[in-house]
Amino acid sequence: MMPTTEVTRPVALVAVDIGLAHLDRPFEYAVPAELDLVAQPGVRVKVRFAGKDVSGFVLDRTAQAEHLGKLTAIRKVVSPEPVLTPPLARLCRAVADRYAGTFSDVVRLAVPARHAGAEKALDARAAEAGQAGEAQATQPAGEGPTAWDRYPAGPAFLRRLAAGEGPAASWLAAPTTDPQQDWPAAFAAAARATLQGGRSAVLIVPDHRDVDRVDAALTELLGAGRHVRLTADQGPQARYTAYLKLLRGHVRCVVGTRAAAFAPVVDLGLVAWWDDGDDLLTDLRAPYPQVREVLRLRAEQTGAALLSGGFTRSVVMQQWVAHGAVVSVQAVTRRGELPAVVVAGGEREVERSGAAARAHLPTEAWRFAHEALTRGPVLVQVPFRGYLPSLRCEMCRDPARCSRCHGPLALPGPGRPAQCRWCGVAADPFDCPNCHSHRLRAVVIGATRTAEELGRAFPGVPVLRSSATDVIDRVGEGPALVIATPGAEPVADGGYCATLLLDGWALIDRPVLSAGQEALRRWCTAAALTRSRDDHGVVVLCGIPDADPLPVVQALVRWAPAWLAERELTERAELALPPTVWMAGLTGDAAAVAALDELVGGAGGAGGGAADGVGVERIGPLVHIGRDREPRERLLLRVPLSQGPQAAAALHAARAVRSARKDPGSVSVHVDPAGDLL
Numbered sequence: 000m001m002p003t004t005e006v007t008r009p010v011a012l013v014a015v016d017i018g019l020a021h022l023d024r025p026f027e028y029a030v031p032a033e034l035d036l037v038a039q040p041g042v043r044v045k046v047r048f049a050g051k052d053v054s055g056f057v058l059d060r061t062a063q064a065e066h067l068g069k070l071t072a073i074r075k076v077v078s079p080e081p082v083l084t085p086p087l088a089r090l091c092r093a094v095a096d097r098y099a100g101t102f103s104d105v106v107r108l109a110v111p112a113r114h115a116g117a118e119k120a121l122d123a124r125a126a127e128a129g130q131a132g133e134a135q136a137t138q139p140a141g142e143g144p145t146a147w148d149r150y151p152a153g154p155a156f157l158r159r160l161a162a163g164e165g166p167a168a169s170w171l172a173a174p175t176t177d178p179q180q181d182w183p184a185a186f187a188a189a190a191r192a193t194l195q196g197g198r199s200a201v202l203i204v205p206d207h208r209d210v211d212r213v214d215a216a217l218t219e220l221l222g223a224g225r226h227v228r229l230t231a232d233q234g235p236q237a238r239y240t241a242y243l244k245l246l247r248g249h250v251r252c253v254v255g256t257r258a259a260a261f262a263p264v265v266d267l268g269l270v271a272w273w274d275d276g277d278d279l280l281t282d283l284r285a286p287y288p289q290v291r292e293v294l295r296l297r298a299e300q301t302g303a304a305l306l307s308g309g310f311t312r313s314v315v316m317q318q319w320v321a322h323g324a325v326v327s328v329q330a331v332t333r334r335g336e337l338p339a340v341v342v343a344g345g346e347r348e349v350e351r352s353g354a355a356a357r358a359h360l361p362t363e364a365w366r367f368a369h370e371a372l373t374r375g376p377v378l379v380q381v382p383f384r385g386y387l388p389s390l391r392c393e394m395c396r397d398p399a400r401c402s403r404c405h406g407p408l409a410l411p412g413p414g415r416p417a418q419c420r421w422c423g424v425a426a427d428p429f430d431c432p433n434c435h436s437h438r439l440r441a442v443v444i445g446a447t448r449t450a451e452e453l454g455r456a457f458p459g460v461p462v463l464r465s466s467a468t469d470v471i472d473r474v475g476e477g478p479a480l481v482i483a484t485p486g487a488e489p490v491a492d493g494g495y496c497a498t499l500l501l502d503g504w505a506l507i508d509r510p511v512l513s514a515g516q517e518a519l520r521r522w523c524t525a526a527a528l529t530r531s532r533d534d535h536g537v538v539v540l541c542g543i544p545d546a547d548p549l550p551v552v553q554a555l556v557r558w559a560p561a562w563l564a565e566r567e568l569t570e571r572a573e574l575a576l577p578p579t580v581w582m583a584g585l586t587g588d589a590a591a592v593a594a595l596d597e598l599v600g601g602a603g604g605a606g607g608g609a610a611d612g613v614g615v616e617r618i619g620p621l622v623h624i625g626r627d628r629e630p631r632e633r634l635l636l637r638v639p640l641s642q643g644p645q646a647a648a649a650l651h652a653a654r655a656v657r658s659a660r661k662d663p664g665s666v667s668v669h670v671d672p673a674g675d676l677l
C-alpha cells in the first residue's frame with residue numbers, strides 16, 4: 000500500500016544515522032501530508048528504525064517506492080534547514096567509498112550539530128536586513144599588487160580564478176617575513192580572485208593559529224563580514240551560525256580547520272589547503288579522511304580550482320605533479336632572499352671546540368644565538384616537550400621502561416623520580432631488568448629542560464616557552480629566546496634573527512616511513528619565520544654532523560623541498576610503498592583481524608572473498624601499540640594503485656558481512672595509513 004496521494008512525491012530516501020556497515024544505504028519512508036513541504040532533501044528527520052527513534056537526513060524524494068509493502072512514515076522533521084545539500088551528500092558518499100567507511104560516519108564529520116538558537120538568531124538578523132544579507136555586497140576590488148606577483152605563474156593563476164576556470168596547482172611558498180607577501184596574504188588573494196568570478200572559496204589550514212592569520216588577511220583584503228571562520232573550538236552556536244551563513248549564501252568564503260572542508264558554500268570555485276603534510280589535516284575519527292583527498296574529490300565533482308600550498312611538498316602532492324594532475328608553482332628566489340643555513344657540529348668545529356661542538360646546544364649554535372640576540376629574538380625549536388622525555392639505563396644503555404606496563408620512562412622535572420609516560424606510575428627507585436642498575440641517562444632533552452639550560456647560558460635575556468598546551472601566537476622585535484616545540488612556533492615581528500633547530504637526528508631517526516619528509520617540513524616551517532640572508536638571518540641545524548650526506552639535510556641547506564619529494568617518490572615506487580600503491584591497515588583483536596582479512600580475499604589470499612580479482616598482498620600481521628597504548632594486531636593490505644577503488648569496496652563489503660553477522664571483536668580500518676601505522 001502506498002502513502003496518501005495528496006503528496007506529489009510521497010517516498011523519502013533517508014540516510015539513517017547508524018554506523019553499521021551492513022546498513023550503509025538509504026531507506027524508504029512515507030512522507031505524511033503535513034510534512035510534505037518541509038521534508039525536503041537535506042533536512043534532519045526522526046524516523047523509526049529497528050523499534051527505536053533515530054536521526055537521519057532526507058536524501059531525495061521520489062514518486063514510487065521500490066519496497067512493495069507498506070512504508071513507515073517519517074515521525075518528525077527536526078528542522079526545515081537543508082543542511083545536507085545534494086552536492087554535500089554526494090561528497091560524503093564519495094569520501095566514504097574512498098576510505099571504505101560508512102556514509103553516516105562521514106556526515107558526522109561534515110555537518111555540525113544543530114543549534115536551534117543559531118537558526119532563530121540568524122533568521123531574525125536576515126529579516127531585519129530585508130533578507131538581503133551580505134550576499135548582496137559588491138564584489139571585492141582586485142587592483143594592486145598581490146603576494147602572487149613574485150611567482151612566475153602567480154598572476155595567471157589569479158586571472159584564471161577570476162575568469163571562473165578550474166586550475167589545479169601545488170604551490171611551494173617562498174619564505175618571507177613581510178606580512179603582505181606571506182602565505183596568508185596569498186591565500187586571501189586567491190579567495191578574492193575567486194569571489195570576483197562570482198564563486199565561493201574554501202580555505203583549510205591545520206590549526207586555529209593559522210586560521211587567525213588567514214582570517215586577518217581576508218579581513219584586510221575583502222573587508223569585514225565577507226567571510227566566516229569554521230573551527231571546532233568556536234562553540235556549538237558560533238559554528239552552526241557560520242555553517243548556516245555559508246549554506247544560505249550570505250557569505251561565499253570560509254577559512255577553517257579540517258571539518259570546514261565540507262562547508263556547504265554556494266557555487267564552489269576554489270578549494271585550498273595549507274601544509275599538506277601536517278597530521279592535523281587527517282581526522283582522528285572513522286573513516287579517518289585526509290583534507291587533501293576530501294578537497295580533491297570535491298574539486299572533481301564541482302569543477303572547482305584546487306590549490307595545495309606549503310613550504311614543503313608531500314610525496315603525495317609530488318605524485319600529483321608527476322602525473323600532471325596539478326601544476327607546480329614556485330618562485331625563483333635569490334640566495335640572499337632565503338635565510339642562511341648552517342649545520343653545526345662539523346669536523347672543523349669538533350677540532351676547534353671538542354665535544355662541546357656536538358652537545359645539545361653546540362658551541363657554534365651558541366655563538367650564532369649570542370650574536371643574534373644583540374639584534375632581536377632567537378627561535379629555538381625543540382622536538383620534544385617536557386623535561387627529559389626519554390631515558391636509558393646508564394650502565395647497559397637499554398631503554399628505561401615501566402615495570403608495570405612496560406611503557407617508556409621520562410623525568411618530569413628536576414629532583415623528581417622517573418615516571419611512566421603511559422600509566423604515570425613512578426619508578427622510584429628505577430631497577431634495570433637487564434643489569435639491575437639504578438642510574439638513568441637522558442636520550443633527548445625536552446623543551447622545559449632546554450629553556451632552563453638556555454636561561455643559564457644567556458642570563459638577563461627573556462626566555463619564552465611555546466608548546467601545544469600553551470601556545471604563544473606572536474612575539475615582538477626585542478631580544479628574547481623563544482623555546483618552541485614543532486608546530487607551536489610564534490610569529491616574530493620582523494622575523495627571527497636566528498633559528499636553532501636542536502636534536503635534528505631525533506626527528507630523522509623515527510621508525511616511520513615519512514620521518515625524513517616530516518623533519519624537513521618541521522624545519523622549514525621554523526626556518527620560514529627567520530629573516531633572510533640579506534638581513535643577516537641564519538638557521539642552525541644541530542644534532543646532525545655535516546659529515547652525514549643525508550638528503551633531508553641537503554634539502555634544507557639548499558632549500559630544495561621539491562627535490563626531496565621527487566627523490567622520495569622514486570624510492571617509494573621502487574619499494575612499492577604508498578602513495579605509489581594503495582594500502583590499508585587493519586588493526587584490532589587478532590581473531591577479528593583474521594576474520595575480516597578472510598572475508599576480504601579468502602584465507603591467505605586464496606580467493607573466495609570480496610576482493611576476488613584484486614591482487615591483494617598482505618604484510619604482517621604484527622603487534623601494534625596504538626594511541627591508547629594497548630597492544631593489538633595489525634595487518635597491512637597492499638594492491639596496485641589502479642585497483643584501489645575495488646579494494647576499498649571489498650573492504651567495505653567484508654565489514655558489512657561482519658556487521659550483519661554480529662561477529663565479535665572490533666577492527667579499525669585505515670585506508671592510506673600514516674603516522675605510527677607505517
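By numbering that gives the first Met the number 0, the letter at position 658 of the sequence shown is numbered 657, and the numbering carries on one by one without gaps. Cβ atoms here follow ideal geometry from the backbone N, Cα and C, with glycine treated the same way.
Please name the residue, chosen from the options, that lies closest to residue i on a Cα-to-Cα basis.
i    : options                : result
R631 : L337, T586, I203       : T586
V474 : V599, V462, S169       : V462
A698 : V293, C419, L555, R633 : With the chain covering only 0 through 677, there is no way to say anything about residue 698.
G614 : H623, D596, V638, A591 : V638
P178 : G68, L540, V490, R291  : V490
T256 : R191, S54, V290        : V290
V381 : A162, T447, T332       : T447
V264 : E616, V201, L408, G50  : V201
D430 : H405, E451, V250       : H405
V325 : L160, A168, G41        : A168
K45  : H66, E65, V15          : V15
H437 : R400, G55, T332, A271  : R400
L67  : G50, P86, V10          : V10
D23  : R60, C91, K75, L306    : C91
C395 : N433, T311, T71, P485  : N433
A298 : F383, V254, P286, V94  : V94
R312 : P286, T332, D274       : D274
F261 : G276, T230, D277       : T230
P560 : G308, S78, A99, A32    : G308
R251 : A223, L217, H322, L194 : L194
A653 : V460, T175, A591       : A591
E65  : Y28, L337, G224        : Y28
Can you list, in chain order, the residues of its chain with a C-beta nearer than 6 angstroms to that of residue i? Leave out the 5 residues immediately preceding and following it.
i    : result
H359 : I444
L12  : P25, L58, D59
A304 : L160, G165, P166, L269
A355 : At A355 the pLDDT is 46, less than 50, meaning the model places this residue with poor confidence; the figure from the coordinates comes in the next sentence. Closer than 6 angstroms at Cβ, skipping near neighbours: T362.
S513 : none
A518 : L506, I507, V551
C33  : The amino acid at residue 33 is misidentified as Cys; the sequence shows Glu. Closer than 6 angstroms at Cβ, skipping near neighbours: no residue.
R735 : The question about residue 735 has no answer here: the residues shown for the chain are numbered 0 through 677.
Per DSSP, residue i is paired with what?
i    : result
T447 : Per DSSP, none; premise fails for T447.
F48  : K51
R366 : R366 is not bridged to any residue.
K244 : The partner list for K244 (beta bridge, DSSP) is empty, contrary to what the question assumes.
I203 : G255, W272
R17  : The sequence given here places Ile at residue 17; Arg does not occur at that position. Beta-bridge pairing links I17 to no other residue.
S78  : R43
Once the 5 residues before and after residue i are set aside, which same chain residues still bring their CB inside 7 angstroms of it?
i    : result
A117 : Q236, Y239, T240, L243
G584 : R633, L635, H669, P672, L676
Please work out which residues of its chain come closer than 8 angstroms, Cβ to Cβ, to residue i, disregarding the five sequence neighbours upstream and downstream, and give them in chain order.
i    : result
A215 : P183
E488 : L378, Q380, S465, V481, T524, A525, L528
Is there a Cβ from chain D that is less than 7 angstroms from the Cβ of residue i?
i    : result
N433 : Considering every chain present, this structure includes no chain D. It has just one protein chain.
Stretch-stretch touch, CB-based, cutoff 8 angstroms, three pairs: the segment 17-35 with the segment 95-108: Flag = yes, the segment 17-35 and the segment 95-108 touch.
Cβ pair count under 8 angstroms reaching 3, the segment 490-507 against the segment 518-530: The segment 490-507, when compared against the segment 518-530, does touch it at the 8 angstroms Cβ threshold.
Those runs of the alpha helix (DSSP H) which lie wholly inside the segment 263-337 and span at least 4 residues: 290-301, 314-321
3 or more residues per run - each beta strand (DSSP E) lying fully within the segment 636-661: Under the rule that a run must span 3 or more residues, no beta strand (DSSP E) segment is found entirely inside the segment 636-661.
Secondary structure, alpha helix (DSSP H): runs of 4+ residues fully inside the segment 159-183: none
Residue ranges of each beta strand (DSSP E) within the segment 89-124, 3 or longer: DSSP runs (the beta strand (DSSP E)) wholly in the segment 89-124: none.
Start-end ranges of the beta strand (DSSP E) lying completely within the segment 486-527, minimum 3 residues: 497-500
Cβ pair count under 8 angstroms reaching 3, the segment 368-376 against the segment 410-418: no
Unbroken stretches of the beta strand (DSSP E), 3 residues or longer, contained in the segment 369-440: Correct list: 377-380, 389-392.
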